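Engineer: Residue numbers (our numbering), protein chains in the order written: chain A, 36 to 312; chain B, 4 to 539. From the three backbone atoms N, C-alpha and C, an ideal C-beta is built for every residue, glycine too. Remember, it's a predicted structure, so these values are computed and weren't measured experimentally.
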Amino acid sequence: MNVLKQCIRNKKFLLSAIILVPLLFVALFGNFLISHDPLEIHYTQTLEAPSAEYPMGTDEYGRCIACRLIVGLQPTMIVAFGGTVIAMVAGSLLGLLAGYIKDAWGNAIMRVVDIILCFPSILLAMLVVGFWGSGMFNLVIVVGILYTPHFCRIAYSSTRKLRRVEYVESQQLLGASTFRILVKTLLPNIVSSLIIQFSLTVSSGILLESGLSFLGLGVEPPNPSWGQMIGDARAYIATNGQYMFWPSLFLCLTILSTNLMGDALRDVLDPKLKKSF
Amino acid sequence: MKAKRLISICLSLALSLGLLAGCGGGDSTSSSQPSGSGSLEEVEPTGTSDTLLIGTSVEPATLDPHIHSNVSTRFLLQNVYRGLVGYNLDGEIECEVADHYTVSDDNLTYTFVLKDGVTFHDGSAVTAEDVKYSFDRIMADDSTATYKSYFTDAGVTVNVVDESTVEFVLPEPCAPFLEYLSLPESAIISKAWMEAGNDIATSAMGCGPYQLVSWDRGLQIDVEGYDGYYKEGLPKTKNVSFIFYLDETTRNNALISGEVDLIDYVSATGVTQFEGNSDVTVYSRQGAFMMLEFNCKEGSPFADYRVRQAVAYAINREAVIQTAFNDRGTALYGFPTIAGQQGYNGEFDNYFSRDLEKAKELLAEAGYPDGFSCNILATSDYSFHEQTALVVADALSEIGIQVTADLPDWATRIERSNTGDYDMIVCGTIGKILDMDWTSIFYQSGDVRMDASPYFADEEIDRLLYEGRTILDETARNEIYQQLRERALELSPLVFICYREQAFVSGNYVENFDFLSGVLSQQAGICLEQVVVNEH
Numbered sequence: 036m037n038v039l040k041q042c043i044r045n046k047k048f049l050l051s052a053i054i055l056v057p058l059l060f061v062a063l064f065g066n067f068l069i070s071h072d073p074l075e076i077h078y079t080q081t082l083e084a085p086s087a088e089y090p091m092g093t094d095e096y097g098r099c100i101a102c103r104l105i106v107g108l109q110p111t112m113i114v115a116f117g118g119t120v121i122a123m124v125a126g127s128l129l130g131l132l133a134g135y136i137k138d139a140w141g142n143a144i145m146r147v148v149d150i151i152l153c154f155p156s157i158l159l160a161m162l163v164v165g166f167w168g169s170g171m172f173n174l175v176i177v178v179g180i181l182y183t184p185h186f187c188r189i190a191y192s193s194t195r196k197l198r199r200v201e202y203v204e205s206q207q208l209l210g211a212s213t214f215r216i217l218v219k220t221l222l223p224n225i226v227s228s229l230i231i232q233f234s235l236t237v238s239s240g241i242l243l244e245s246g247l248s249f250l251g252l253g254v255e256p257p258n259p260s261w262g263q264m265i266g267d268a269r270a271y272i273a274t275n276g277q278y279m280f281w282p283s284l285f286l287c288l289t290i291l292s293t294n295l296m297g298d299a300l301r302d303v304l305d306p307k308l309k310k311s312f
Numbered sequence: 004m005k006a007k008r009l010i011s012i013c014l015s016l017a018l019s020l021g022l023l024a025g026c027g028g029g030d031s032t033s034s035s036q037p038s039g040s041g042s043l044e045e046v047e048p049t050g051t052s053d054t055l056l057i058g059t060s061v062e063p064a065t066l067d068p069h070i071h072s073n074v075s076t077r078f079l080l081q082n083v084y085r086g087l088v089g090y091n092l093d094g095e096i097e098c099e100v101a102d103h104y105t106v107s108d109d110n111l112t113y114t115f116v117l118k119d120g121v122t123f124h125d126g127s128a129v130t131a132e133d134v135k136y137s138f139d140r141i142m143a144d145d146s147t148a149t150y151k152s153y154f155t156d157a158g159v160t161v162n163v164v165d166e167s168t169v170e171f172v173l174p175e176p177c178a179p180f181l182e183y184l185s186l187p188e189s190a191i192i193s194k195a196w197m198e199a200g201n202d203i204a205t206s207a208m209g210c211g212p213y214q215l216v217s218w219d220r221g222l223q224i225d226v227e228g229y230d231g232y233y234k235e236g237l238p239k240t241k242n243v244s245f246i247f248y249l250d251e252t253t254r255n256n257a258l259i260s261g262e263v264d265l266i267d268y269v270s271a272t273g274v275t276q277f278e279g280n281s282d283v284t285v286y287s288r289q290g291a292f293m294m295l296e297f298n299c300k301e302g303s304p305f306a307d308y309r310v311r312q313a314v315a316y317a318i319n320r321e322a323v324i325q326t327a328f329n330d331r332g333t334a335l336y337g338f339p340t341i342a343g344q345q346g347y348n349g350e351f352d353n354y355f356s357r358d359l360e361k362a363k364e365l366l367a368e369a370g371y372p373d374g375f376s377c378n379i380l381a382t383s384d385y386s387f388h389e390q391t392a393l394v395v396a397d398a399l400s401e402i403g404i405q406v407t408a409d410l411p412d413w414a415t416r417i418e419r420s421n422t423g424d425y426d427m428i429v430c431g432t433i434g435k436i437l438d439m440d441w442t443s444i445f446y447q448s449g450d451v452r453m454d455a456s457p458y459f460a461d462e463e464i465d466r467l468l469y470e471g472r473t474i475l476d477e478t479a480r481n482e483i484y485q486q487l488r489e490r491a492l493e494l495s496p497l498v499f500i501c502y503r504e505q506a507f508v509s510g511n512y513v514e515n516f517d518f519l520s521g522v523l524s525q526q527a528g529i530c531l532e533q534v535v536v537n538e539h
């Protein structure tokens with residue numbers, strides 16, 4: 036309860052929530068909010084300026100930009116959230132394990148993780164999409180693999196610190212299974228850092244998916260996604276600037292607010308920061 | 004998808020190597036800047052620059068002049084290589100390497116006498132032996148020459164009469180034969196140079212106005228005027244660089260910022276954007292057209308001509324023009340023919356119209372009252388291809404045909420079009436020669452190839468094409484080609500959508516750049532030798 040109160044008092048948290056909550060709502064229920072079919076072509080109304088019928092104008096096919104933005108959020112969010120959830124589950128379990136078991140094995144796992152971390156994420160994503168092809172499912176997996184190391188490291192370092200403390204050792208003496216110790220005893224200790232990492236990773240995931248779609252390696256047309264819309268709008272930047280403005284604006288806002296959310300959660304949850312207040 | 008993957012793999016490897024190399028440093032290839040290369044030469048007092056920088060849309064896959072890989076590469080190769088004859092800027096066939104030629108009374112022997120003193124870039128003379136070598140290479144069994152079939156179908160034999168005289172002997176008359184020889188891909192190459200083991204795909208040595216200086220992979224190709232060129236006083240601009248800008252927006256910006264003097268493949272959106280700008284000159288010519296090809300393999304719905312006709316009735320040509328060509332194009336409801344071409348009288352200009360009821364009826368007659376599902380192949384590399392595909396798919400959904408767009412990169416698209424790996428494909432193409440015989444590559448039965456619908460075969464069309472080619476009487480040919488148009492529209496193995504523009508844009512200080520509309524809109528390279536770049 037204390038945490039919730041602190042959150043509400045935190046300005047960053049409130050600001051990002053004001054942006055993020057509607058966005059999540061749109062991502063979930065976007066299909067019911069739109070007035071036009073986002074794939075329907077109106078060839079007599081291409082590249083129109085904003086009007087009552089098309090609040091953000093139309094694209095080169097005469098499709099409603101606002102509707103495409105609403106529908107295009109969904110694939111981005113699925114990829115970002117789905118990938119991050121996979122990364123969090125896989126990464127924290129791997130990290131707990133690596134921190135808890137024999138040093139040799141733990142080291143081996145962590146070095147593999149370090150190798151993945153060496154690569155710039157967009158590069159690795161292009162490589163994986165190159166091998167497997169694009170598509171929503173593959174993108175989720177890609178984001179999942181790419182961000183596993185981040186969670187893994189957090190879980191690993193916390194577990195290393197905690198594995199010799201008395202309450203863990205007493206559990207070991209009582210004969211608790213490794214799994215029980217990892218999940219029931221160690222995991223709750225690191226949940227707060229994982230949550231902070233989660234919100235930061237979501238924003239990276241959104242950016243990554245948008246980047247891939249911008250390059251034509253993400254969501255396949257005619258289905259919309261924000262990155263792809265920005266890519267398409269480039270050709271019209273001189274003649275119809277607002278076409279590029281809208282997807283870019285919303286992408287900026289989304290990334291900004293998820294990052295702010297991460298900061299706010301850190302302020303609230305991180306015990307080290309709390310002491311300094 | 005395969006090639007797109009490959010590209011992304013290569014890209015990422017290259018990038019990661021680049022990261023590593025970045026730490027080392029020192030090894031980066033310093034490209035000779037074209038603007039600098041001219042500075043050692045004496046500056047002409049006339050107020051003209053000796054360097055022309057061209058922003059081009061593609062890096063050549065091969066420099067082999069007998070292969071037509073794309074219009075941008077053709078533009079370059081037309082200036083390195085020349086043939087016996089070629090089109091001039093009035094659209095007439097003119098002697099190039101040949102001094103003059105005679106055609107025998109039975110129209111079976113074409114004798115060419117070469118110009119005195121025509122030399123290849125290495126200084127050696129162009130001989131009859133080189134001409135024979137070039138055409139034998141085009142017609143060889145293992146040849147991949149793009150227009151090989153023109154020459155093998157005509158059954159040509161090339162004989163060397165003496166050092167500077169060569170004759171082409173045909174078993175039966177061939178009305179468009181001179182046009183075959185005028186194609187840029189009928190280039191003359193040096194026998195001695197080839198036999199010395201040079202790789203014609205990566206280097207070039209011809210007898211055209213420009214000789215190849217260097218090819219910086221991934222960056223640019225530099226050519227330099229050849230002093231021994233057989234046209235006195237040409238080329239007018241000494242150095243020309245072809246700089247690769249694969250991305251259209253980047254290419255347009257390169258012109259605006261003055262990095263280059265001329266750009267090719269400007270899209271309709273780009274043309275609209277440039278037209279209001281007084282600093283640039285827009286050259287835009289109509290001629291190329293968009294069409295659909297169908298895989299007519301047995302068992303495919305498109306094997307039935309009624310389904311293909313239904314598509315022709317259902318697609319929305321105005322919508323394609325509006326979305327893909329920014330309202331710059333002309334709808335094609337009939338057969339793409341240039342006025343004046345054999346037998347053209349406009350009769351079939353409105354053969355199809357948009358009629359969804361009729362389309363549905365035709366589908367029902369063909370046994371698909373509820374439609375079917377299929378794919379349409381296009382590419383995400385050229386936006387107008389992608390846009391055409393999506394608009395066609397949208398229109399066909401109205402008659403129950405559910406179309407999925409397949410949008411790989413251009414190289415994959417080409418590979419799949421060569422093997423017929425699609426149900427329906429978007430093509431942006433053009434007749435290759437001025438004569439109505441251009442249709443033979445598009446309609447004749449035979450191997451699966453780029454510009455024809457796979458597995459389509461019709462005896463009557465084959466007969467008409469054969470007669471049109473071998474009968475020389477113009478009145479008879481007019482009649483034959485009119486029949487061909489009607490039959491071609493009835494069976495509709497190709498469904499035509501609209502004419503589009505081929506456009507270049509240059510700085511307004513570039514003079515004498517010019518090219519023709521129609522078929523020759525894709526032979527803009529012939530004007531380069533006379534282009535002048537004024538001081539700016």
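What residues in the segment 262-288 of chain B bring their beta carbon closer than 9 Å to a beta carbon of chain A?
Structural biologist: Under the 9 Å Cβ criterion, the segment 262-288 of chain B contributes S270, T272, G273, T275 and Q276.
Engineer: Is any beta-carbon of chain A found at less than 7 Å from that of S383/B?
Structural biologist: Yes - at least one Cβ of chain A is within 7 Å of the one on S383/B.
Engineer: Give me the chain B residues within the contact set of T79/A, using Cβ-Cβ distance strictly less than 9 Å, ordered along the chain.
Structural biologist: Chain B residues near T79/A: E321, A322 and Q325.
Engineer: Flag this pair as yes or no: are the beta carbons of V114/A and V56/A separated by less than 7 Å?
Structural biologist: In this structure, V56/A does not lie closer than 7 Å to V114/A by Cβ.
Engineer: Can you give me, in chain order, the residues of the segment 395-425 of chain B that have a beta carbon less than 7 Å from any beta carbon in chain A?
Structural biologist: Against chain A - using a Cβ distance shorter than 7 Å - the residues of the segment 395-425 of chain B are D397, A408 and L410.
Engineer: Considering only residues of the same chain and omitting the five flanking positions on each side of M161/A, which have a CB-CB separation below 8 Å?
Structural biologist: Result list for M161/A: L247, L250 and L252, in chain order.
Engineer: If you measure between the beta carbons of F297/B and P339/B, is that distance less than 7 Å?
Structural biologist: No.
Engineer: When you compare the CB positions of L222/B and L173/B, do they come within less than 7 Å of one another, or not?
Structural biologist: It is not a contact, given that the beta carbons lie outside the stated cut-off.
Engineer: Out of G179/A, S260/A and L304/A, point me to the one whose CA is closest to G107/A's CA.
Structural biologist: For the residues G179/A, S260/A and L304/A, the minimum Cα distance to G107/A belongs to S260/A.
Engineer: By alpha-carbon positions, which one of L468/B, V429/B, A199/B and W218/B ends up nearest to S206/B?
Structural biologist: Per the Cα distances, W218/B.
Engineer: Does any heavy atom of the ligand PLP sit closer than 6 Å to the C-beta of L523/B?
Structural biologist: For the ligand PLP, the structure offers nothing, since it holds no ligand at all.
Engineer: Check for me: the beta strand (DSSP E) holding T168/B runs from which residue to which?
Structural biologist: First-last of the beta strand (DSSP E) with T168/B: T168 to V172.
Engineer: Tell me, please, whether the segment 182-201 of chain A touches the segment 123-137 of chain A by the rule of three or more beta-carbon pairs shorter than 8 Å.
Structural biologist: Enough Cβ pairs lie closer than 8 Å, so yes.
Engineer: Going by DSSP in three states, G510/B sits in which element: helix, strand or coil?
Structural biologist: Reduced to three states, the DSSP call for G510/B is strand.
Engineer: Apart from the five residues on each side of it in sequence, which residues of its chain come closer than 8 Å, Cβ to Cβ, to L50/A?
Structural biologist: Counting only Cβ-Cβ distances below 8 Å, and skipping sequence neighbours, we find S292 and L295.
Engineer: How is the alpha helix (DSSP H) around H185/A delimited, first residue to last?
Structural biologist: Element bounds for H185/A: M171 to L197.
Engineer: I'd like the list of long-range same chain contacts for T93/A, defined as Cβ closer than 8 Å, with 5 residues on each side in sequence excluded.
Structural biologist: H77, Q80, T81, L82, E83, C99 and I100, listed in sequence order.
Engineer: What residues in the segment 267-278 of chain A bring their beta carbon closer than 8 Å to a beta carbon of chain B?
Structural biologist: Listed in sequence order: D267, R269, A270, Y271, I272, A273 and T274.
Engineer: In this structure, what does DSSP give as the bridge partners for I224/B?
Structural biologist: BP columns for I224/B point to W218/B and F245/B.
Engineer: Thinking C-beta only, is V178/A closer than 7 Å to G262/A?
Structural biologist: Cβ atoms of G262/A and V178/A: not closer than 7 Å.
Engineer: Pick out whichever of D125/B, S356/B and D133/B has its Cα sitting closest to the Cα of I115/B.
Structural biologist: The amino acid at residue 115/B is misidentified as Ile; the sequence shows Phe. When each option's Cα is compared against that of F115/B, the closest is D133/B.
Engineer: Which runs of the alpha helix (DSSP H) spanning at least 4 residues fall entirely within the segment 464-503 of chain B, listed in chain order?
Structural biologist: If we require 4 residues or more, the alpha helix (DSSP H) runs fully inside the segment 464-503 of chain B come out as 477-494.
Engineer: Of the residues that make up the segment 81-102 of chain A, which ones have a beta carbon closer than 8 Å to any beta carbon in chain B?
Structural biologist: Within the segment 81-102 of chain A, the qualifying residues are T81, E95, Y96 and G97.
Engineer: Please determine, among D517/B, D102/B and Y286/B, the residue with the shortest C-alpha to C-alpha distance to I529/B.
Structural biologist: The candidate whose alpha carbon is nearest that of I529/B is D517/B.
Engineer: Would you call the segment 313-322 of chain B in contact with the segment 389-404 of chain B, where contact means no fewer than 3 C-beta pairs closer than 8 Å?
Structural biologist: Verdict: yes, contact present.
Engineer: Strictly below 9 Å CB to CB, what residues from chain D border L249/B?
Structural biologist: Of the protein chains in the structure, A and B, none is chain D.
Engineer: Considering only the beta carbon of each residue, do T289/A and L63/A sit closer than 7 Å?
Structural biologist: The answer is no: Cβ separation not under 7 Å.
Engineer: For Q390/B, go through chain A and note every residue whose CB falls closer than 9 Å to its CB, in chain order.
Structural biologist: Correct list: E95 and Y96.
Engineer: With contact counted as at least three CB pairs below 8 Å, one residue from each stretch, are the segment 380-391 of chain B and the segment 417-431 of chain B in contact?
Structural biologist: Taking 8 Å as the limit for Cβ pairs, the verdict is that the segment 417-431 of chain B does touch the segment 380-391 of chain B.
Engineer: Is the distance from the Cβ of S75/B to the Cβ of T59/B below 7 Å?
Structural biologist: Against a cut-off of 7 Å, the Cβ pair of T59/B and S75/B comes out as a contact.
Engineer: Quick one: give me the first and last residue of the alpha helix (DSSP H) that E360/B is part of.
Structural biologist: Its alpha helix (DSSP H) spans residues L359 to E368.
Engineer: Suppose you measure from the CA of R28/A to the CA of M145/A; what does that come to, to the nearest Å?
Structural biologist: Because chain A in this structure spans residues 36 to 312, residue 28/A falls outside the shown range and cannot be described.
Engineer: Could you tell me the distance, in whole angstroms, from the CA atom of I180/A to the CA atom of I121/A?
Structural biologist: Roughly 8 Å between the two C-alpha positions.
Engineer: Name the chain A residues that come within less than 9 Å of S386/B, Cβ to Cβ?
Structural biologist: The contacting residues are E95, D267 and A270.
Engineer: List the residues of chain A that L393/B touches, going by C-beta distances under 9 Å, in chain order.
Structural biologist: Going along chain A in sequence order, the residues near L393/B (Cβ under 9 Å) are L74, I76, Y96, P256 and P257.
Engineer: Which whole runs of the alpha helix (DSSP H) in the segment 99-153 of chain A are 4 residues long or more, in chain order?
Structural biologist: Qualifying alpha helix (DSSP H) stretches, in chain order: 100-135 and 138-153.
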